[in-house]
Amino acid sequence: MALMNSLSGEIRRSYDIAALEDAARLMRGYNLVALHAAGSGHAGGTLSIMDITAALYLRVADHDPENPDWEDRDRMIWSTGHKAPSLYLGLAFAGFCPIDDVVLLRKLGSPYQGHPHWLKLEGVEVSTGSLGQGLSIAAGIALAGKLNGKTYKTFCIMGDGEQQEGQIWEAAMAASHHGLDNLVGIVDCNRLQIDGPVAEVMNVEPLEQKYRSFGWDARRIDGHDMKQVVEALESAKTHHGKPLVLLADTVKGKGVSFMENIAGWHGKSPSSDELKKGLDELGVANRIPVDALLEKSRNYQGAIDRKLHHKMPEFNHDYWWNRALNMKVKMEPTRKGFGQALAEHGDDQRIVCLGLDISGSITISDFYTSKPERRNRWLSMGIAEQSATSVAAGLAREGKLPVFGTYATFAAARNLDQIRTSI
Ligand SMILES: Cc1ncc(C[n+]2csc(CCOP(=O)(O)OP(=O)(O)O)c2C)c(N)n1
-16 MALMNSLSGE IRRSYDIAAL EDAARLMRGY NLVALHAAGS GHAGGTLSIM DITAALYLRV
44 ADHDPENPDW EDRDRMIWST GHKAPSLYLG LAFAGFCPID DVVLLRKLGS PYQGHPHWLK
104 LEGVEVSTGS LGQGLSIAAG IALAGKLNGK TYKTFCIMGD GEQQEGQIWE AAMAASHHGL
164 DNLVGIVDCN RLQIDGPVAE VMNVEPLEQK YRSFGWDARR IDGHDMKQVV EALESAKTHH
224 GKPLVLLADT VKGKGVSFME NIAGWHGKSP SSDELKKGLD ELGVANRIPV DALLEKSRNY
284 QGAIDRKLHH KMPEFNHDYW WNRALNMKVK MEPTRKGFGQ ALAEHGDDQR IVCLGLDISG
344 SITISDFYTS KPERRNRWLS MGIAEQSATS VAAGLAREGK LPVFGTYATF AAARNLDQIR
404 TSI
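Residue numbers -16 to 406, in our numbering, belong to the letters of the sequence shown in order.
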């Protein structure tokens, strides 16, 4: 089935393989425009998951854009929340919201936030962004389905780097323990994360064997072969006995040659030239009203800027810090000081640095970049903040001086109990 009228059971629109391939190409194009208009966002992973998104939202999942909360709909949980633009385009192409509105990505007050917010846009099942949590939510939704005697399926979209989070494996255990054969995991195996190849940051393979040993059925597919993707997702709809995971081999940045397989395109948006080149390569430049979309985005931003301007107090003099010439100083982000201090003082053999797949951004990697002899004291921990916190506690117990860093939200809230108990 697919996109349907939940009252009459009629199919609203059906897509064959060629139509899905075409939709995915167009969705990739809109994705590039939205990322460019936002000036930030995640190009690599949104492009790698787009074929699966098109297949799921336009053909495989039973859902109804006129009735987003239809109780029998299939549920799609985006554990990998940074791929939100793909989710928005899946919803938009399915008719849940206007396609052109997705260009308001990441704008203040817009429903199309950088990470999905379930209260802002219909069709978004849950808010996500902190990696590793979606499979547990999906397990809860699947459990509720069983309790309520429903036949819907719950699909959970994850990244391969994300598999490093321990919570995934707690959820995997719970899913098989409770016999959740109404749960389908989808892993976007593009083999890259922020700090580099998944195999080097923290190897997660062999995923097939891992899921099987946790009591799941597992199947590897080519995540860009639309026929294979549709066949796998459609057979997942009738799968029984165990929870099922589809491990989809994909290419990060798929469809745009200069983005493909480049870790640096993880969290980057295209410039004007790159946008033009990308749309040409995708063959959709003439099918997307780029200028009108960018104008829409500019107008929205202009209105926000004016609104904010009116809210700001007016002063007789310009008191803003660092404006007056006699007090001008060089502005640098504080995180740079972190890296500089580590570069300067890292010769102390007790110092060990723990990387959490965000190393360049917070500059913790400056510890070793110009000092290769320190490389053995650089410990990549993957996307696993809780375990790394306790690993740091163990290192400290043995006299090391562990330095640990990631974004505050993952290193003060997520691992609070480890800090409270051991550190
Ligand atoms: C708990 C948590 N830690 C760190 C991050 C920051 N972060 C965002 S995306 C990402 C890499 C994800 O890699 P992967 O799952 O392979 O996704 P993909 O490469 O497909 O984008 C990280 C570390 C996060 N969002 N959540």
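We put the beta carbon where it would ideally sit given N, CA and C, even for glycine.
Exercise. Quick one, are the C-beta atoms of Phe79 and Glu108 less than 8 Å apart?
Worked result: Going by C-beta atoms, Phe79 is not nearer than 8 Å to Glu108.
Exercise. CA-CA distance, Lys260 and Phe197?
Worked result: The alpha-carbon separation between Lys260 and Phe197 amounts to approximately 44 Å.
Problem set entry | Nearest-angstrom Cα separation, counted from Ser62 out to Ile120 | Distance between the alpha carbons of Ile120 and Ser62: 9 Å.
Exercise. So who's on the other strand from His249, going by DSSP bridges?
Worked result: Per DSSP, none; premise fails for His249.
Problem set entry | Identity of the residue in Asn(-12), Glu368, Ala275 and Ala75 nearest Thr36 by Cα | Put simply, of Asn(-12), Glu368, Ala275 and Ala75 the residue whose alpha carbon is nearest the alpha carbon of Thr36 is Ala75.
Exercise. Buried or exposed: which applies to Ile(-6), given that a residue is buried once 16 or more other Cβ atoms fall within 10 Å of its Cβ?
Worked result: Exposed, because fewer than 16 other Cβ atoms sit within 10 Å of the Cβ of Ile(-6).
Exercise. For ligand 1, is there a heavy atom less than 7 Å away from the beta-carbon of Asn113?
Worked result: Looking at the sequence shown, residue 113 is not Asn but Ser. For Ser113, the distance from the CB to the nearest heavy atom of ligand 1 is below 7 Å.
Exercise. Should Leu339 and Ala371 be called a contact, given that it needs their Cβ atoms to be closer than 8 Å?
Worked result: One thing to note: Leu339 has its Cβ within 8 Å of the Cβ of Ala371.
For this session: Can you tell me which of the three DSSP states Asp52 falls into?
Result: Correct three-state label for Asp52: coil.
Exercise. Excluding the five sequence neighbours on either side, which residues of its own chain have a C-beta within less than 7 Å of the C-beta of Lys220, listed in chain order?
Worked result: Cβ neighbours of Lys220 beyond the five flanking positions: Val43 and Lys136.
Exercise. With 16 as the cutoff for other CB atoms within 10 Å, does Asn299 come out buried or exposed?
Worked result: By the 10 Å Cβ count, Asn299 comes out exposed.
Problem set entry | Residues near Glu369 in its chain [Cβ-Cβ closer than 7 Å; skip 5 each side] | In the sequence as presented, Glu is not what sits at residue 369; that position holds Gln. Excluding sequence neighbours, Gln369 sits near Gly149, Arg397, Asn398 and Gln401.
Exercise. Hey, would you say the C-beta of Glu145 is under 7 Å away from at least one heavy atom of ligand 2?
Worked result: Ligands present in the displayed structure are limited to ligand 1, and ligand 2 is not among them.
Problem set entry | Leu265 and Gly238 closer than 8 Å at C-beta | Cβ distance < 8 Å, so Leu265 and Gly238 count as in contact.
Exercise. Hey, how far is the Cα of Leu277 from the Cα of Ala375?
Worked result: Pairing Leu277 with Ala375, the inter-Cα distance amounts to about 47 Å.
For this session: Can you grab the Cα-Cα spacing for the pair Ser321 / Arg357, in whole Å?
Result: Per the sequence presented here, residue 321 reads as Phe, with Ser not at that position. Approximately 17 Å, taken between the alpha carbons.
Problem set entry | Expected contact under 8 Å - CB spacing of Asp143 and Val184 to nearest Å | About 10 Å separates the two Cβ atoms, so there is no contact after all.
Exercise. Buried or exposed: which applies to Met33, given that a residue is buried once 16 or more other Cβ atoms fall within 10 Å of its Cβ?
Worked result: Buried: at least 16 other Cβ atoms inside 10 Å.
Exercise. So which of Asp178, Gly(-8) and Lys319 has the shortest CA-CA distance to Asp47?
Worked result: The shortest C-alpha separation from Asp47 is found at Gly(-8).
Exercise. Taking the Cβ atom as the reference point for each residue, do Arg195 and Leu229 lie within a distance shorter than 8 Å?
Worked result: In this structure, Leu229 does not lie closer than 8 Å to Arg195 by Cβ.
For this session: Run the CB neighbour count on Lys302, radius 10 Å, all protein chains shown included, and call it buried at 16 or more, exposed below.
Result: A quick correction: the sequence has Tyr, not Lys, at residue 302. Taking a 10 Å sphere around the C-beta of Tyr302, we find fewer than 16 other C-beta atoms and assign the residue as exposed.
Exercise. Is Arg397 near ligand 1, in the sense that its beta carbon is under 7 Å from a heavy atom of that ligand?
Worked result: True, at least one ligand heavy atom lies under 7 Å from that Cβ.
Exercise. With distances taken between CB atoms, is the gap from Ile366 to Glu145 smaller than 8 Å?
Worked result: Yes, the Cβ-Cβ distance between Ile366 and Glu145 is below 8 Å.
Exercise. Within 7 Å: the Cβ of Asp136 and any heavy atom of ligand 1?
Worked result: This sequence places Lys at residue 136; Asp is not what is there. Not so, every heavy atom of ligand 1 lies at least 7 Å from the Cβ.
Problem set entry | Stretch-stretch touch, CB-based, cutoff 8 Å, three pairs: the region 246 to 253 with the region 1 to 21 | Between the region 246 to 253 and the region 1 to 21, the count of C-beta pairs closer than 8 Å reaches three or more; the two stretches touch.
Exercise. According to the Cβ coordinates, are Ile169 and Ala231 closer than 8 Å?
Worked result: In contact: Ile169 and Ala231 (Cβ atoms closer than 8 Å).
Exercise. Relative to the C-alpha of Thr346, which residue among Arg56, Tyr71 and Phe387 is closest?
Worked result: Nearest option by C-alpha distance: Phe387.
Exercise. Can the beta-carbon of Asp331 be found closer than 8 Å to that of Thr233?
Worked result: Against a cut-off of 8 Å, the Cβ pair of Thr233 and Asp331 comes out as no contact.
For this session: Run the proximity test for Leu30: is its beta-carbon closer than 7 Å to any non-hydrogen atom belonging to ligand 1?
Result: No.
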